[in-house]
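In what follows, a single structure is set out as structure tokens and then discussed.
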Amino acid sequence: MKFNLFVTTLLASSVIIAGCSATSSETDKHETMDHSNMTDEEMANREGMDHSNMTDEEMDMENGHASHTNLVALNNSTGENELAIPQLIEPKDGIVNINAQQGTTEIFKGVQTQTFGYNGSFLGPVIRVNEGETVIFRTKNELAESTTFHWHGVDIPGEGDGGPHQLLEPGEMKDVKFTVSQGASTLWFHPHPVGATAEQVYKGLAGLIYIEDNNSKNLELPKEYGVNDFPLVFQDREFTDEKQFDYQAVRNDDGTIGDTLLVNGTLNPKLTIGKEKVRLRLLNGANARNYTFKLNTGDKFQQVATDGGLLNKPTEMSEITLTPGERAEIIVDFSKYDSESEVVLLNEDDAILLQFIIDEQKVNPIEISKNLNDYVVTDEEKNLPVTKKLELFGMGKMVYINGKQFDMNRIDFSQKQGETEIWEIYNKPDAMGGMIHPFHIHGTQFKVVSIDGNEPPVNLQGWKDTISIEPGQAVKLAVKFNHKGIYMFHCHVLEHEENGMMGQVEVI
Ligand code: C2O
Ligand code: CU
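Per the numbering used here, the sequence shown starts with residue 28, numbered consecutively.
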């Protein structure tokens with residue numbers, strides 16, 4: 028079969044990746060690296076990037092950070108299982124029930140894996156709400172351990188945000204009532220208890236929130252859930268020989284990664300779509316791995332949304348990188364392919380993430396709207412002075428924001444409700460280069476004003492709540508909170524967050 032051949036070729040050509048686990052382009056990093064204490068040989072190795080005959084230990088040495096080198100390549104998805112599509116739920120009488128629970132899931136044929144999930148044994152539903160609607164998220168902790176329910180990207184009062192302060196003990200319930208006050212977007216939810224966030228997410232606690240508004244309902248966009256509009260949650264895991272999660276055994280202080288990709292919890296997924304334009308809502312739901320998405324055909328796709336809303340115009344892209352926590356919506360035009368075409372989504376190392384099966388019976392031509400949104404960074408925002416400076420620094424257990432580690436009892440900043448401030452976030456490189464930190468702020472969507480003083484690329488000119496910051500980079504964000512309360516800001520490499528790369532802003 029043609030397809031198998033293709034897979035084999037990719038397998039054969041797949042390379043072992045070395046270097047910084049979090050940096051997708053090692054070459055970029057050279058600019059910021061201090062090579063002064065490296066031997067010529069070390070330099071040559073590094074520059075040449077020929078790691079093929081190095082042992083793991085040598086690679087550790089070379090990189091200087093033992094915990095930094097465990098970058099395991101992703102296995103190719105063989106495409107044997109149809110992708111799971113999460114249940115879509117909407118408020119009933121204004122209420123959405125969300126239960127965190129544990130159970131078992133058949134991820135591998137014939138094997139039950141112990142997992143966590145929301146309203147099910149593994150992962151969560153897609154909760155769809157509308158702008159302007161007042162809803163109650165009726166949360167219940169049915170786990171045997173405490174957890175919180177955090178709404179990542181939702182503009183919500185601090186007491187409902189579900190940060191580390193809002194712990195629910197086993198059996199406890201909490202109603203979170205709020206009015207949806209932001210535009211169409213793909214957001215998500217996950218736990219946030221101190222010391223157990225990373226493990227609970229790893230075991231399966233993550234779900235999606237879709238917000239729709241009048242604009243998004245009227246636009247020409249694929250929007251039939253599970254028909255031409257699909258959520259894709261990317262998470263890599265390492266399974267034990269018994270096909271279980273053993274988080275503590277594989278935990279890495281610079282971010283836990285695995286060789287096995289799950290998309291919506293499905294191992295080796297394939298997705299059957301029509302010969303038409305299809306909307307894919309991508310979430311990097313991994314603890315730490317970055318994903319660069321591209322098509323094997325080399326064809327471009329259009330990005331239509333960032334983390335927190337639609338872009339002003341569809342933006343043509345040949346690839347897109349998402350760091351943990353980030354989302355993007357893309358439109359892939361399958362109308363030019365047929366059922367014989369081999370179309371797959373690849374990552375930066377050409378590992379197959381997802382295979383597409385084209386059903387030629389399904390044809391629904393759509394002309395994507397040319398204008399999608401009216402996002403703007405105003406001159407006033409561009410000219411505001413920097414009033415909050417944050418410096419991200421460190422590796423492993425020694426990760427800091429402004430030289431400090433997270434303390435539940437310390438408020439790092441305060442900001443007035445409804446007032447825009449410019450936050451400048453600088454990722455300070457270390458002697459070995461450092462790594463990308465995906466920086467996230469709770470309870471709001473921000474605007475990227477500049478990256479290293481330059482206007483951000485077009486596909487970052489939209490609402491964001493998480494931004495990838497490379498070593499040496501400084502980004503300016505226009506940040507406004509619409510509600511009061513205490514909010515976290517942190518690196519979304521979940522192990523960095525737990526190691527203390529997190530702080531608190533109190534909105535007064
Ligand atoms: Cu997605 Cu503080 O979290
Ligand atoms: Cu980090």
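Using N, Cα and C, we set each Cβ at its ideal position, and we do this for glycine too.
Tell me the DSSP secondary structure of residue i in three-state form.
i, result
"Glu255", "It is worth fixing the name first, because residue 255 is Asn in this sequence and not Glu. Of the three classes helix, strand and coil, the one that applies to Asn255 here is coil, per DSSP."
"Lys424", "coil"
"Thr224", "helix"
"Ser477", "strand"
"Lys297", "strand"
"Leu288", "strand"
"Lys443", "coil"
"Gln531", "strand"
"Glu524", "helix"
"Ser148", "coil"
"Asp386", "strand"
"Leu419", "strand"
"Lys244", "helix"
"Asn72", "In this prediction, Asn72 scores a pLDDT of 38, lower than 50, which makes its location untrustworthy; the coordinate-derived value is nonetheless stated afterwards. Asn72: helix per DSSP, three-state reduction."
"Val153", "strand"
"Val138", "coil"
Using only CA atoms, which one of the options lies nearest to residue i?
i, options, result
"Gly187", "Glu196, Thr174, Lys201, Glu356", "Lys201"
"Leu381", "Glu199, Leu298, Thr493, Asn481", "Leu298"
"Val532", "Phe508, Gly499, Asn311, Leu419", "Phe508"
"Leu170", "His179, Asn436, Gln128", "Gln128"
"Thr342", "Tyr453, Asn398, Lys363", "Asn398"
"Trp490", "Asn481, Val506, Ile478", "Val506"
"Leu218", "Gly190, Glu356, Gln500, Gly336", "Here residue 218 turns out to be Pro, not Leu, going by the sequence shown. Measuring from the Cα of Pro218, the nearest candidate turns out to be Gly190."
"Phe516", "Tyr427, Asn486, Ile478", "Tyr427"
"Phe440", "Asp360, Gln472, Met529", "Met529"
"Lys474", "Glu158, Glu356, Leu338", "Leu338"
"Pro184", "Asp360, Gln444, Glu482", "Gln444"
"Val371", "Tyr364, Phe383, Thr447", "Phe383"
"Glu387", "Leu195, Glu367, Val403", "Glu367"
"Phe320", "Gly512, Glu109, Leu373", "Leu373"
"Gly137", "Phe176, Val207, Gln271", "Gln271"
"Ser9", "Gly282, Gln488, Asn245", "Nothing can be reported for residue 9: it is not among the residues displayed for the chain, which extend from 28 to 535."
"Phe176", "Tyr453, Trp215, Glu158", "Trp215"
"Asn436", "Val485, Tyr514, Leu487", "Tyr514"
"Pro484", "Ile385, Glu407, Thr348, Phe433", "Thr348"
Within the same chain, show all residues whose beta-carbon is closer than 8 Å to that of residue i, passing over the 5 residues directly before and after it, in chain order.
i, result
"Ala313", "Phe261, Gln262, Asp263, Ile284, Pro351"
"Asn102", "Asp286, Thr287, Leu288, Ala378"
"His576", "Because the chain spans 28 through 535 in this model, residue 576 falls outside it and cannot be assessed."
Under 6 Å Cβ to Cβ from residue i, same chain only, skipping five residues before and after it: list those, please.
i, result
"Asp152", "Reading off the sequence shown, one finds Pro at residue 152, where the question assumed Asp. Taken in chain order, the residues that qualify are Pro113, Gln114, Ile116, Asn146, Gly234."
"His519", "Pro351, Gly352, Pro465, His467, Thr493"
"Glu58", "In this prediction, Glu58 has a pLDDT of 34, which is less than 50 and means its spatial position is unreliable; what the coordinates show is noted afterwards. So no residue of the chain qualifies."
"Lys304", "Pro249, Ile358, Asp360, Ile393"
"Lys389", "Gly301"
"Ser362", "Lys302, Glu303"
"Leu259", "Val290, Leu307, Leu309"
"Lys416", "Glu451"
Residues in the same chain with beta-carbon distance under 7 Å from residue i, minus the five sequence neighbours each way, listed in chain order, please.
i, result
"Lys409", "Val476"
"Ser345", "Lys321, Lys327"
"Thr224", "Pro218, Leu521, Glu524, Glu525"
"Glu133", "Gln139"
In the DSSP output, which residue or residues are listed as bridge partners for residue i?
i, result
"Asp263", "Leu288"
"Gln129", "Phe143"
"Asn108", "Pro296"
Should residue i be flagged as near chain B, meaning a C-beta pair shorter than 8 Å?
i, result
"Asn168", "The structure shown has no chain B; it contains just one protein chain."
What ranges does the alpha helix (DSSP H) occupy inside the region 323-375, keeping only unbroken runs of at least 4 residues that lie completely in it?
Secondary structure within the region 323-375: not one fully enclosed alpha helix (DSSP H) run of 4 or more consecutive residues is present.
Quick check on the DSSP output: what are the complete alpha helix (DSSP H) runs of length 4 or more inside the region 157-231, in order along the chain?
Given a length threshold of 4 residues, each whole run of the alpha helix (DSSP H) inside the region 157-231 is given here in chain order: 224-230.
4-residue-minimum alpha helix (DSSP H) runs that sit fully inside the region 386-414, ordered along the chain
Every alpha helix (DSSP H) of 4 residues or more that sits fully in the region 386-414 is shown, in chain order, as 406-410.
Which full runs of the beta strand (DSSP E) of 3+ residues lie inside the region 478-513, going along the chain?
Scanning the region 478-513 for uninterrupted beta strand (DSSP E) segments of 3 residues or longer gives 493-496, 501-506, listed from N- to C-terminal end.
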